[in-house]
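To start, the structure under review is shown below, and the notes come after it.
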Amino acid sequence: MSKLYGDYYSGIDVINLKFIGQGTQGKVYFLPPNKVIKIFHSNRSCKDQFYILECAKNSRFFPKVYKHDDYSIVMDFVPGVNLRDYLAKNKLSKKLAFELVELVCEFERLGFTRLDIRAPHIFVQADESIIAIDPRKTFHIVQKYPKKILGTLRKFGYLDQFFSLIKNKYSDKYSHWKNL
Ligand SMILES: Nc1ncnc2c1ncn2[C@@H]1O[C@H](COP(=O)(O)OP(=O)(O)O)[C@@H](O)[C@H]1O
Ligand SMILES: [Mg+2]
172 MSKLYGDYYS GIDVINLKFI GQGTQGKVYF LPPNKVIKIF HSNRSCKDQF
222 YILECAKNSR FFPKVYKHDD YSIVMDFVPG VNLRDYLAKN KLSKKLAFEL
272 VELVCEFERL GFTRLDIRAP HIFVQADESI IAIDPRKTFH IVQKYPKKIL
322 GTLRKFGYLD QFFSLIKNKY SDKYSHWKNL
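In the numbering used here, the protein residues as written are 172 to 351.
Okay, structure coming up:
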């Protein structure tokens with residue numbers, strides 16, 4: 172049954188939208204046909220995430236933002252499976268290994284000081300390209316290498332394979348990360 176009264180964020184009535192997920196900062200609803208609206212508990216975390224996504228607006232590694240207000244952001248729906256669930260069922264391909272390195276290179280290009288993101292926030296697409304959601308503290312935390320990403324690869328038994336896949340193409344990253 173539809174509710175009668177509206178609940179508006181970014182000019183959109185969210186009351187009958189399908190809920191797709193939540194974390195500590197807010198709740199996310201599907202906005203047909205291909206967007207989501209994320210509603211934050213706090214104005215501050217909304218502002219912080221909007222700022223980061225704005226900095227990354229030309230990047231293929233992040234969802235595009237269409238609208239926002241003090242408590243919400245409308246952005247692309249990111250299909251796919253998060254990296255943790257993906258690696259539980261699929262092998263690590265060369266393409267995915269390269270994508271993970273490219274994501275970290277993109278963080279560097281964007282001037283992030285945190286060169287890492289948690290696996291549940293990395294979505295693997297059907298073509299094995301990746302998109303990151305929920306970027307946080309990217310200019311606050313200082314993390315010079317992708318500790319959590321490498322940790323996930325280790326957990327699923329793919330760390331050695333990852334390093335041998337990236338060794339030639341990304342020799343600088345290989346030597347830096349391998350020797351930590
Ligand atoms: N743009 C998106 N496309 C698809 N699913 C999303 C998107 N943003 C968030 N989600 C889903 O909603 C969940 C919660 O979103 P997230 O941004 O991580 O919220 P929080 O900041 O509270 O942790 C995610 O784990 C993911 O499953
Ligand atoms: Mg989250």
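All C-beta atoms, glycine included, are put in the ideal place defined by N, C-alpha and C. Predicted model, so just to flag it, every value in this text is computed and none were measured.
For the options 320, 204 and 188, the alpha carbon positioned closest to that of residue 210 is the one of 188. In this structure, ligand 2 has a non-hydrogen atom nearer than 7 Å to the beta-carbon of residue 305. Taking a 10 Å sphere around the C-beta of residue 193, we find fewer than 16 other C-beta atoms and assign the residue as exposed. In the structure shown, the three-state DSSP call for residue 193 is strand. Between residue 320 and residue 290 the beta-carbon gap is near 7 Å, inside 8 Å, which marks them as a contact. Leaving aside the five residues that flank residue 344 on each side, the residues in its chain whose CB is nearer than 6 Å to its CB run, in chain order, 272. Between the alpha carbons of residue 305 and residue 294 lies a distance of about 11 Å. Between residue 232 and residue 312, the C-beta gap is not smaller than 8 Å, which leaves the two residues out of contact. Considered as a whole, the region 188 to 243 harbours 189 to 193, 197 to 202, 206 to 211 and 236 to 239 as its complete beta strand (DSSP E) runs of no fewer than 3 residues, in chain order.
Residue 225 counts as exposed, since fewer than 16 other beta carbons sit within 10 angstroms of its beta carbon. For residue 295, there is no enclosing alpha helix (DSSP H); the enclosing beta strand (DSSP E) has its first and last residue at 293 to 295. Secondary structure note for residue 259: its alpha helix (DSSP H) is the uninterrupted segment 254 to 260. For residue 348, the closest alpha carbon among the candidates 286, 310, 219 and 307 is that of 286. Measuring C-alpha to C-alpha distances from residue 244 to each of 253, 292, 206 and 326 identifies 206 as the nearest.
Taken through DSSP and simplified to helix, strand or coil, residue 184 comes out as strand. For residue 263, the closest C-alpha among the options 323, 201, 278 and 284 is that of 323.
Checking the DSSP bridge columns, you'll see residue 285 partnered with 314. For residue 257, the number of other beta carbons within 10 angstroms of its own is at least 16, and it is reported as buried. In the DSSP assignment, residue 303 is bridged to 293.
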